[in-house]
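Asker: One structure is given below, represented as structure tokens, and several questions about it will come after.
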Amino acid sequence: MVLFPLKMPAGPIRVTRFQMFLYCFLLFLLIYFLQGRKAAVGVQSSHPVFHALAMERGRGTTGLVNVKAAGPQTPLETPWGAQLVWGDSRKSVHRRAQLAQQGIHTGLLAFMVGTYAKFVRRFLSSAETYFLPHQLVTYYILTDNARGLEPPTELGPNRRMKVISIAELPGWEKLAYRRMILLAETIKDTIGNDVDYLFCVDIDQEFVAPVGEEILGDLVATLHPELFGMPRNSFPFEIEKDSSAYVAENEGDYYYTSELYGGLVSELYRLARVCSMLILQDQANGVLAKGLEESYLNRYLINHRPTCVLSPEYSWWDSALAADVPVPRLVSLGRQCEALDEDKKEEFKC
Ligand code: UDP
Numbered sequence: 034m035v036l037f038p039l040k041m042p043a044g045p046i047r048v049t050r051f052q053m054f055l056y057c058f059l060l061f062l063l064i065y066f067l068q069g070r071k072a073a074v075g076v077q078s079s080h081p082v083f084h085a086l087a088m089e090r091g092r093g094t095t096g097l098v099n100v101k102a103a104g105p106q107t108p109l110e111t112p113w114g115a116q117l118v119w120g121d122s123r124k125s126v127h128r129r130a131q132l133a134q135q136g137i138h139t140g141l142l143a144f145m146v147g148t149y150a151k152f153v154r155r156f157l158s159s160a161e162t163y164f165l166p167h168q169l170v171t172y173y174i175l176t177d178n179a180r181g182l183e184p185p186t187e188l189g190p191n192r193r194m195k196v197i198s199i200a201e202l203p204g205w206e207k208l209a210y211r212r213m214i215l216l217a218e219t220i221k222d223t224i225g226n227d228v229d230y231l232f233c234v235d236i237d238q239e240f241v242a243p244v245g246e247e248i249l250g251d252l253v254a255t256l257h258p259e260l261f262g263m264p265r266n267s268f269p270f271e272i273e274k275d276s277s278a279y280v281a282e283n284e285g286d287y288y289y290t291s292e293l294y295g296g297l298v299s300e301l302y303r304l305a306r307v308c309s310m311l312i313l314q315d316q317a318n319g320v321l322a323k324g325l326e327e328s329y330l331n332r333y334l335i336n337h338r339p340t341c342v343l344s345p346e347y348s349w350w351d352s353a354l355a356a357d358v359p360v361p362r363l364v365s366l367g368r369q370c371e372a373l374d375e376d377k378k379e380e381f382k383c
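Using this note's numbering, you'd call the opening residue of the sequence shown number 34 and step up by one each time.
In structure tokens, the structure reads:
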């Protein structure tokens, strides 16, 4: 049987049922393929780094960064049955209705020390637009210089800010080891039960798409965009056996980023307390994990698996290694800069 005859016979064309079936099948395949290619989305960012990257890749001059569809790379569940979150879902619509009734209160906590004050405005204004819009939110800003928040960012109704003064901590490494300790102290002394959920987030980030009720879980961690989908042996877990953050070869499901984690305030307090004790213990023994705080966070999350895992949409930056995601939502400007070559770093004053 010839599917596409080279010589067309004269007179009316006869098509067998089988040929008709094959034509339909091929047409279906073509439509399916084209749909898959079309599923690309745009992310709007006001940061110059993103404008440059977009233009560099010939992605137009509108400041849009196109991201390929993630297709089958969007599993909805972890191997232990926790939800793996890719944006709004039916579950979050249900959750939204519940929250509206219960008046759930969420905290968003960030450190702003030294030169990082330059990030606060973009961080807050983007959070006002995209972080749990219309919900009751309190920002907790831990800073050595409250004046860095002047003039104050205008907050919407139901949105508050608490500024918590902390001592100046010279040196980035010192702060990296102190953050967990300060987080635990702040929850105990200041936040208490004022909020139901609390998220700890790096301030050198920008919300670029909605981050809603889908992120609310008991213990929430975010997948590292450059390690999502990579083999287990590429995860930079701590390999020094003397460190309390040590992870054996047969441990660890995912590698999580320290850019965003949280959950119920009681769960986050437990996490911060355990991690700070491990850090203090290692400091006393003179063995500190190479990945700093992120190593201890990963150790903790192996022992206490998160109940809600956020996809790399919730911690993303454009780099050769970053996984393609359908909709980047929270973008790390700091790590974005790290991914640039030396010339670009200088150009964008990274
Ligand atoms: N940070 C700060 N001042 C500093 C260094 C860090 O306020 O000098 C805070 C800030 O909130 C920042 C977070 O600590 O977003 C994490 O630091 P950084 O982004 O440098 O580390 P990374 O997570 O990229 O390794």
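The beta carbon of each residue, even a glycine, is placed where N, CA and C say it ideally should be.
As the structure is a prediction and not an experimental result, all values here were calculated from the model.
1. Out of L260, S276, R306, state which residue places its alpha-carbon closest to the alpha-carbon of R211.
2. Would you kindly report the start and end of the unbroken beta strand (DSSP E) that includes I174?
3. Give the straight-line distance between the Cα atoms of I236 and N283, rounded to the nearest whole angstrom.
4. In the DSSP output, what is H138 paired with across the bridge?
5. Is it buried or exposed for G189, if we count other Cβ within 10 angstroms and need 16 for buried?
6. Indicate whether Y302 and K221 have their beta-carbon atoms separated by less than 8 Å.
7. If you draw a straight line from the C-alpha of G114 to the C-alpha of T219, how long is it?
8. Where in the region 224 to 312 do unbroken runs of the beta strand (DSSP E), each at least 3 residues long, occur, reported from the N-terminal end onward?
9. Kindly confirm or deny that the region 154 to 172 and the region 119 to 128 touch, where touching means at least three C-beta pairs closer than 8 Å.
10. When the Cβ atoms of the region 244 to 258 are set against those of the region 315 to 323, are three or more pairs found closer than 8 Å?
11. Within 10 Å of its beta-carbon, does E300 have 16 or more other beta-carbons around it, so buried, or fewer, so exposed?
12. Any heavy atom of the ligand UDP closer than 7 Å to the CB of S328?
13. In whole angstroms, what separates the C-alpha of L182 from that of A150?
14. Whole angstroms is fine: what's the gap from L59's alpha carbon to P108's?
15. Cβ of R13 within 7 Å of any heavy atom in the ligand UDP?
16. Can M145 be considered in contact with the ligand UDP, in the sense that its beta carbon sits closer than 7 Å to one or more heavy atoms?
17. Figure out for me which residue from D351, G262, Y333 has the closest Cα to the Cα of L373.
18. Under 7 Å: does the beta carbon of D235 sit that close to some heavy atom of the ligand UDP?
19. Are the beta-carbon atoms of T111 and D286 separated by less than 8 Å?
20. Step through the CB atoms of chain D and report whether any lies within less than 8 Å of the CB of K378.
21. In the structure shown, what three-state DSSP assignment does L109 receive?
22. Quick one: what's Q116 bridged to in DSSP?
23. Under the three-state reduction of DSSP, which class applies to L363: helix, strand or coil?
24. Are the beta-carbon atoms of I214 and S291 separated by less than 8 Å?
25. Can you tell me where the alpha helix (DSSP H) with V196 in it begins and where it stops?
26. Run the CB neighbour count on N226, radius 10 Å, all protein chains shown included, and call it buried at 16 or more, exposed below.
27. For A355, does the three-state DSSP call read helix, strand or coil?
Answerer: Taking the definition as stated:
1. R306
2. 169 to 176
3. 34 Å
4. L169
5. exposed
6. yes
7. 32 Å
8. 230 to 234, 238 to 240, 252 to 256, 289 to 297
9. no
10. no
11. buried
12. no
13. 8 Å
14. 29 Å
15. A query on residue 13 cannot be resolved here, the shown segment of the chain reaching from 34 to 383 and no further.
16. yes
17. D351
18. yes
19. yes
20. Protein chain content of the structure displayed is limited to a single chain, and chain D is not contained in it.
21. coil
22. E110, C341
23. strand
24. no
25. Taken as a continuous stretch (DSSP letters only), V196 belongs to no alpha helix (DSSP H), being part of the beta strand (DSSP E) at 192 to 198.
26. exposed
27. coil
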